[in-house]
Amino acid sequence: MSDTPPVLLLAFNRPAQIRRVLDRVREARPACLYVHVDGPRASRPEEAVLVEAVREVIRTGVDWDCRLETWFRDTNAGLQKGVSEAITWFFEQEPWGIVLEDDCLPDLTFFPFAGELLRRFEHDERIMHIGGSNLIEVQTRLLPSGYVYSRFSFIWGWASWRRAWRHYTPDMDGLEAFAQSPDFESFLPDGLSRCYLLDKFRATQRRLNQTWDYAWFYTILKNDGWCIVPVVNLVENTGIGDEQATHTHGANASARLRAQSMPFPIVHPANQMIDLRLEQQFFFATQKRRFRLWLWYLLYRLGLRGVRTEK
Numbered sequence: 001m002s003d004t005p006p007v008l009l010l011a012f013n014r015p016a017q018i019r020r021v022l023d024r025v026r027e028a029r030p031a032c033l034y035v036h037v038d039g040p041r042a043s044r045p046e047e048a049v050l051v052e053a054v055r056e057v058i059r060t061g062v063d064w065d066c067r068l069e070t071w072f073r074d075t076n077a078g079l080q081k082g083v084s085e086a087i088t089w090f091f092e093q094e095p096w097g098i099v100l101e102d103d104c105l106p107d108l109t110f111f112p113f114a115g116e117l118l119r120r121f122e123h124d125e126r127i128m129h130i131g132g133s134n135l136i137e138v139q140t141r142l143l144p145s146g147y148v149y150s151r152f153s154f155i156w157g158w159a160s161w162r163r164a165w166r167h168y169t170p171d172m173d174g175l176e177a178f179a180q181s182p183d184f185e186s187f188l189p190d191g192l193s194r195c196y197l198l199d200k201f202r203a204t205q206r207r208l209n210q211t212w213d214y215a216w217f218y219t220i221l222k223n224d225g226w227c228i229v230p231v232v233n234l235v236e237n238t239g240i241g242d243e244q245a246t247h248t249h250g251a252n253a254s255a256r257l258r259a260q261s262m263p264f265p266i267v268h269p270a271n272q273m274i275d276l277r278l279e280q281q282f283f284f285a286t287q288k289r290r291f292r293l294w295l296w297y298l299l300y301r302l303g304l305r306g307v308r309t310e311k
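In our numbering, the protein residues as written are 1 to 311.
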């Protein structure tokens, strides 16, 4: 029996991408594999061929002994609704597991890394998310431990528990009250960074973007949850610059950091604490670089960027 936790694959219209990820999952050989493939968009009839090709990759590519559960949608649910509903479906059936999108190619060591930490923190309510990516590994890879604690929920390959995901709500209830709370004030030392994230949260709440992950990020912050970030990057985002990518098309190519291997045994941190200096660097690496943040804030103050609050 494989020690690899259950895996959920999230796919849509990129057969070449999902084939690469499935090949890596095959090496890990999880005993339970779940696959969600969204349906083609009605406005793009030619997409049906690509979606069917993705489904065929799954039908023919799962050739090891495992329980395969599939959710092939007939119509398109979209990124926000489709992904969040698929994760809910996954955790309704499994107490914990790994989530991989079709452009998230993990190093093979990500699977035992996630598996060990899922078991270690199974009953620790504070730990809500185990990330696989780390875009500031140049600043963390020489640390004595194998991972650090953070409030950032990086979703390019991640793992979690049913107990954590049950808190998820796409409506982001209580956002404005939370934004005024000491918990949010102490989250990051830089006020501009908090302003930018709050704007992203508001845009997500009002369905002005099609992401699901900012709602998950907010869920963790609101519930005083912590995340785990490996000191080396364990997952490569192969969708950076991909013409068919929904959100990473045209993104900074530096985000396509190659995946490294995690040395074992995993060295656990001596203390449960969060380094605010690293938190700020996580923000700059994954949200806005310092100069671009100042430019964004100037435009925000002029009313040319951002979501305006009701007076």
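We put the CB at the ideal spot given by N, CA and C, even for glycine. Keep in mind the model is a prediction, meaning the values are calculated, not measured.
Run through the DSSP bridge pairs and tell me what residue i is partnered with.
| i | result |
| --- | --- |
| Leu8 | Tyr34 and Val99 |
| Thr70 | Val35 |
| Cys104 | Asn237 |
| Gly131 | Trp158 |
| Val25 | According to DSSP, Val25 bridges with nothing at all. |
| Ser150 | Cys227 |
| Ile87 | Beta-bridge pairing links Ile87 to no other residue. |
| Ile274 | Tyr149 |
If you draw a straight line from the C-alpha of residue i to the C-alpha of residue j, how long is it?
| i | j | result |
| --- | --- | --- |
| Arg29 | Pro265 | 21 Å |
| Pro144 | Pro269 | 8 Å |
| Lys222 | Phe178 | 7 Å |
| Gly82 | Asn271 | 38 Å |
| Arg305 | Arg26 | 44 Å |
| Ser181 | Leu117 | 30 Å |
| Arg206 | Tyr214 | 12 Å |
| Leu68 | Arg301 | 51 Å |
| Phe284 | Val37 | 32 Å |
| Ile274 | Ser150 | 6 Å |
| Arg59 | Pro95 | 25 Å |
| Ala259 | Val267 | 19 Å |
| Gln90 | Trp71 | Sequence check: residue 90 is Phe here, not Gln. The alpha-carbon atoms of Phe90 and Trp71 are separated by roughly 10 Å. |
| Thr4 | Ala31 | 7 Å |
| Pro313 | Pro106 | There is simply no residue 313 to check, as the chain begins at 1 and stops at 311 in what is shown. |
| Phe201 | Leu50 | 32 Å |
| Ala42 | Pro263 | 46 Å |
| Gln210 | Asp171 | 13 Å |
| Arg290 | Leu192 | 10 Å |
| Glu176 | Leu197 | 13 Å |
| Gln80 | Ile240 | 19 Å |
| Ala251 | Gln287 | Caution is warranted here: a pLDDT of 48 is assigned to Ala251, below 50, making its placement in the model unreliable, and the coordinate value is therefore given only provisionally. The alpha-carbon atoms of Ala251 and Gln287 are separated by roughly 11 Å. |
Residue i: which of the options sits nearest, CA to CA?
| i | options | result |
| --- | --- | --- |
| Ala86 | Phe217, Leu10 and Ser186 | Leu10 |
| Val148 | Leu276, Asn223, Leu302 and Tyr168 | Leu276 |
| Val231 | Asp124, Pro170, Ile130 and Asn13 | Ile130 |
| Trp158 | Leu8, Ser2 and Asp3 | Leu8 |
| Thr75 | Val99, Ala48, Leu299 and Ile240 | Ala48 |
| Phe152 | Ile136, Arg119, Asp124 and Leu142 | Ile136 |
| Gly97 | Glu122, Leu105 and Leu108 | Glu122 |
| Phe111 | Val235, Trp64, Val35 and Lys200 | Val235 |
| Ile228 | Lys288, Leu142, Gly191 and Asp124 | Asp124 |
| Arg44 | Leu22, Val57, Glu56 and Asn13 | Asn13 |
| Asn237 | Arg73, Asp63, Ala114 and Ser133 | Ser133 |
| Gln93 | Val35, Arg141 and Asp103 | Val35 |
| Phe154 | Phe184, Trp216, Val138 and Arg141 | Trp216 |
| Phe190 | Gln281, Trp226 and Trp161 | The sequence given here has Asp at residue 190, not Phe. Of the listed residues, the one whose Cα sits closest to Asp190 is Gln281. |
| Ala142 | Leu257, Arg292, Ser186 and Asn233 | Reading off the sequence shown, one finds Leu at residue 142, where the question assumed Ala. Measuring from the Cα of Leu142, the nearest candidate turns out to be Asn233. |
| Gln17 | Lys288, Arg194, Asp103 and Trp161 | Asp103 |
| Trp294 | Leu208, Arg256, Val21 and Arg194 | Arg194 |
By DSSP, does residue i sit in helix, in strand, or in coil?
| i | result |
| --- | --- |
| Arg120 | helix |
| Ile136 | coil |
| Ile220 | helix |
| Ile266 | coil |
| Tyr300 | helix |
| Val232 | coil |
| Gly115 | helix |
| Gly306 | coil |
| Lys81 | helix |
| Leu143 | coil |
- Query: Which full runs of the alpha helix (DSSP H) of 4+ residues lie inside the segment 150 to 215, going along the chain?
  - Reply: If we require 4 residues or more, the alpha helix (DSSP H) runs fully inside the segment 150 to 215 come out as 162 to 165, 175 to 179, 182 to 185 and 191 to 205.
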